[in-house]
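For the first sequence, counting from 1, position 688 maps to 1022 in my numbering; every step adds exactly one. Note that the Cβ used here is the ideal one computed from N, Cα and C, for glycine as well.
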Amino acid sequence: MPTDLASQIVPIHQAVKALGWPVICTPGVEADDIIGTLAVRATGHGVHTIVSTGDKDLAQLVNEHVELINTMNNERQDVQGVIDRYGVRPDQIIDYLMLIGDTSDNIPGVPKVGPKTAAKWLTEYGTLAELILNADKIKGVAGQNLRDFIPRFDLTRQLVTVKLDCEIDDLIPGLDSLKPLALDSDTLIKLYDDYGFRSWLRELSGDPDRIPQQDSRAVKPGSTVGSSPNTETVSTSSYGPAAPQPMAVVSPELIHYESVTTWEALDKWIDKIQAAELTALDTETTSLDPLQASLVGLSLCVEAGQACYIPLAHRGYDVGPQLDKQQVLAKLKPWLTSDKHAKVLHNAKYDAHVFLSEDIGLKGIEEDTMLQAYVLESHLRVNMQDVAQRWLGVTGTPYEEICGKGAKQICFDEVAVDLATHYASEDADLTLRLHQVLRPLIAAHEGLEATYALEVATSRVLTIIERNGVAIDSDVLHKQSHGLGERLLGLEEKAYELAGQPFNMNSPKQVGEILFDRMQLPVVRKTASGAPSTDEAVLTTLAQDYPLPKLLLEHRSIAKLKSTYTDKLPRMVNAKTGRVHTRYAQAAVITGRLASSDPNLQNIPVRTAEGRRVRDAFVSSLGKIVSADYSQIELRIMAHVSGDQNLIRVFAEGGDVHRATAAEVFGVSPDEVTADQRNAAKAINFGLIYGMGEFGLANNIGITRSAAKAYIDRYFARYPGVAEYMERIKVVAKEQGYVETVFGRRLSFPELKGARGARTAAAERAAINAPMQGTAADLIKKAMVAVQDWLEQKKLKTLMVMQVHDELVFDVPEDEVALLKAELPRLMGEVASLDVPLTSEVGEGSNWGQAH
DNA sequence: TTACCTGGCTCG
DNA sequence: GTACGAGCCAGGTAAT
């Protein structure tokens, strides 16, 4: 055999025989080719995905090719036949069409179709079968006809195999003599990095043993758990070393994950979970969107290292035996819906939604390891991978490694069952082990225990709110969109005239070129990257002397309204429920607040009249919208935590707090306070919550720095407790590395611990703000739990539909409105007793806009 | 074509 | 450099 394969063209089966590697060596061979080759080898063995222990990129790339080749192999036989037999998925045909596009780049006469075009076709025709049946009617953007593509499927296969310099059929006999696939990507990457591709081949041909032929870690599930590949990892945990806690240590050979595909095996596991004190549970689904997700399988773990996966809805041409989904769920339902059987999950809210979609109300959710991790370290990521790495020293399998990412991500139901078994069992196993490690750490601190209990209770309420959704009047938004669109056109016309040429008003770059290059306006400020800034403050300054900036400001604000709100919200309406279902991230904000996304309902406009109109589209489906918000919550908390007697008295006396503080600061009676004085007091009140300095205050209310300094000095003179508190909290944060809310939630600032310098100033401000924002978050969470419990206890029909940091919004039947308006302030006020009253304001209306 | 970043703007 | 905490949009560009 040749020893220098890199210099020769070697048919693949020869390479296979010589090296045990399916290597194609052609002049100019590149990384793509080796990846493709490895993928071909994998598919030749019926492998669907390759698990890597080390670098993700190569395995990921290989897996993408595996997917393409599997698809291609399926479809080249007979497109319609494949559809009928295997139910090829839309994303697979997209991939296939992409493959055509990729390959056709250099091939004259083969039209190119990208995933967007393919997706558009599929959207129009719904299913792949429809698409194929209507092939002659379907035209792409460049006029190409889908029918033309179908006969070319085979051509494409030819082109691809030519590119690989072999026929797949030739390849397979060569592969048959090989042992099962062995890929150690650490070694691959190292060799590739050290020697480059060609040298690597030489190494291989000279010393094939350098690559382990049988490395079960790479192929068979089971090894990525149990030991950390990187022993030098240093934990950032504030609570303990990264070294695995004794209870969590499971030596790899004791780990056993199994697929449950027989009724006997299922019964055995049902016995186990019935008897268990606590069971870790995890679901696998078709979507990351919990309301869209459909159950694909579920995993259980009652003892560290011993877990099972029950595949329920996997698909694919060679999917193994699976138990009937409905029968399995029927057998499990008594256990799932029993609060006598305690469960631990990682982000239980997600799984609760998945089960609700199967008409199963999951009960007994007593523990949630995501919330445990969040309560312990709210400033760090709480996904399973990162948490397991931090607390167990274990590198679990990332979701992306199983399903890919981005546009090429596959659905979990396409993942091979054995691979899914490993991944899903591991999740349940790690959940249980995390619980064993984290739970005692929380129990050791009263404040953390209380915070965790609150988070678990909040999770249940959030599930309800998300599922309730909120009714949106799309017609209202469409009309607004239309009006805004016309105004945008008018503004554009005027702006082009002033600029002397058309330009994209949405592009900061083009706006900058027009203003500062063409029109030679003065540069007020530069952005972080050095370009002249065109933000609101700059344009407002320029608008005093020039007409165009004013138009730009108006255009900006209207374009934002249209694109983010009036255009977007109607598209977010769930087809099944006719409502908008936001997602509340419970472990995303370091201070303990919630975050809302898809869509974000916590930043719906309110400050301008035209923006506020968007809220008119948030309507009631039962009768009225009722909204209740804590008034001046963070300032009240400042009064409480600082213990400043003057500030406490201001709140105790009630009335207009900004006017009262203005009277204090400027030494006049409340009714003598001027509008300017009240504004200054308001700016200081808000600013000090954020740790604002004189520069910030001066900027904010348009006064000189020295005037701002004078105001702040007077403020602190009148409220000395506030000044002392701010100094105290900085010291505390620096000494212990964390601060606490009133209820004992810990908020960490590791960068402050023992540090000093310019960069710490920002962290200091965050530390000053955190107890207030965090305590406010605690309070509203307590309120949500109290109110939802009350709604259920009173058996009311009212739905809680939104939380906006200090506000709760309800969809209320007419006959419950009076009760809600009477009881909400009481319920919200009684969740805690601070040194200041906790008052709230309640409003009602037929929509959210009116309810304020 | 897609993925990621920047600048800008919305909210509490 | 300069006020805390978020999410989302359009444009622009780098990577594929």
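query = What do you get for D601, buried or exposed, if any count of 16 or more other CB atoms within 10 angstroms of its CB means buried?
reply = exposed
task = With a threshold of 16 other CB atoms inside 10 Å of the CB of R983, please say whether the residue is buried or exposed.
result = Counting Cβ neighbours within 10 Å, R983 comes out exposed, since fewer than 16 surround it.
message = Residues in the same chain with beta-carbon distance under 6 Å from L1172, minus the five sequence neighbours each way, listed in chain order, please.
response = G1163
ask   = Which value, in whole angstroms, describes the spacing of the CA atoms of L493 and C737?
value = At L493, the pLDDT of 27 sits below 50, so the modelled position is not reliable; the number obtained from the coordinates is stated separately. The alpha-carbon atoms of L493 and C737 are separated by roughly 27 Å.
ask   = Thinking C-alpha only, which one of D673, I589, N1033, V678 is nearest Q640?
value = I589
ask   = When every heavy atom of the ligand NAP is checked, does at least one fall within less than 7 Å of the C-beta of A1100?
value = Of ligands this structure carries none, so the ligand NAP is not represented either.
request  = Identify the continuous alpha helix (DSSP H) that holds M704 and give its terminal residues.
outcome  = 703-710
key: Inter-residue Cα distance where the pair is D1169 and H779   = Using only the alpha carbons, I get a separation of about 24 Å.
query = Given A1067, which residues of its chain have a CB within under 6 Å of its CB, disregarding the five upstream and five downstream residues?
reply = V1073, F1083, L1086, A1101
inquiry  = Let me confirm a value: E1175 is counted as buried when at least 16 other C-beta atoms fall within 10 Å, else exposed. Which label applies?
reply    = exposed
message = Out of G1021, T1075, A1095, which one is the CA nearest neighbour of L992?
response = Checking the displayed sequence, the identity of residue 992 turns out to be His instead of Leu. Comparing Cα positions, the closest option is G1021.
key: Residue burial classification, H889 (beta-carbon count within 10 angstroms, cutoff 16)   = buried
task = Using DSSP bridges, identify the partner residues of P866.
result = K860
request  = Tell me whether P1105 sits in a helix, a strand or coil according to DSSP, three-state version.
outcome  = helix
query = If L634 sits next to A762, beta carbons under 8 Å apart, how far is it from one beta carbon to the other, in whole angstroms?
reply = 6 Å
request  = Note down the Cα distance separating A1120 from V1165, rounded to an integer number of angstroms.
outcome  = 8 Å
key: Whole-number beta carbon distance between V1135 and F1144, since they are thought to touch under 8 Å   = 6 Å
D616 to K739 span [Cα, whole Å] = 21 Å
Cβ neighbours of T792 in the same chain (closer than 8 Å, five flanking residues each side left out) = Q920, K1115, M1118, V1119
key: Beta-bridge pairing of P1147 - partner residues as DSSP gives them   = G957
key: Inter-residue Cα distance where the pair is G695 and W669   = Distance between the alpha carbons of G695 and W669: 11 Å.
Secondary structure of L657, DSSP reduced to three states = coil
task = Measuring alpha carbon to alpha carbon, tell me which of W597, P655, A1009, R715 ends up nearest K665.
result = W597
ask   = With distances taken between CB atoms, is the gap from E1028 to A1042 smaller than 8 Å?
value = yes
message = Determine whether the beta carbon atoms of Q723 and T729 lie at a separation below 8 Å.
response = yes
ask   = Would you report the Cα separation of P1054 and R913, rounded to the nearest angstrom?
value = 50 Å
query = In terms of residues, what are the limits of the alpha helix (DSSP H) holding R1080?
reply = That residue, R1080, is in no alpha helix (DSSP H); its beta strand (DSSP E) goes 1080-1082.
query = Would you report the Cα separation of V1056 and L1113, rounded to the nearest angstrom?
reply = 21 Å
ask   = If you run the structure through DSSP and keep just helix, strand and coil, what is P514?
value = Legend: pLDDT at P514 = 24, less than 50; position of this residue unreliable, value from coordinates given subsequently. The answer is coil: DSSP assigns P514 none of H, G, I, E or B.
ask   = First and last residue of the beta strand (DSSP E) that includes T617?
value = 612-619
Sub-8 Å separation of P933 and M906 beta-carbons = yes
ask   = In terms of alpha-carbon separation, which member of L1142, A1185, V630 lies closest to I799?
value = L1142
key: Backbone CA spacing between P563 and V721 [nearest angstrom]   = Because the pLDDT of P563 is 31, which lies under 50, any placement of that residue in the model is unreliable, and the question is left without a value.
request  = Would you kindly work out how many angstroms separate the C-alpha atoms of K626 and T620, rounded to a whole number?
outcome  = The sequence given here has Gln at residue 626, not Lys. Distance between the alpha carbons of Q626 and T620: 8 Å.
query = Per DSSP, which one or two residues make a beta bridge with V678?
reply = In DSSP, V678 forms a bridge with A614, E701.
request  = Can you tell me which of N1019, A986, L873, E987 puts its alpha carbon nearest to the alpha carbon of V999?
outcome  = N1019
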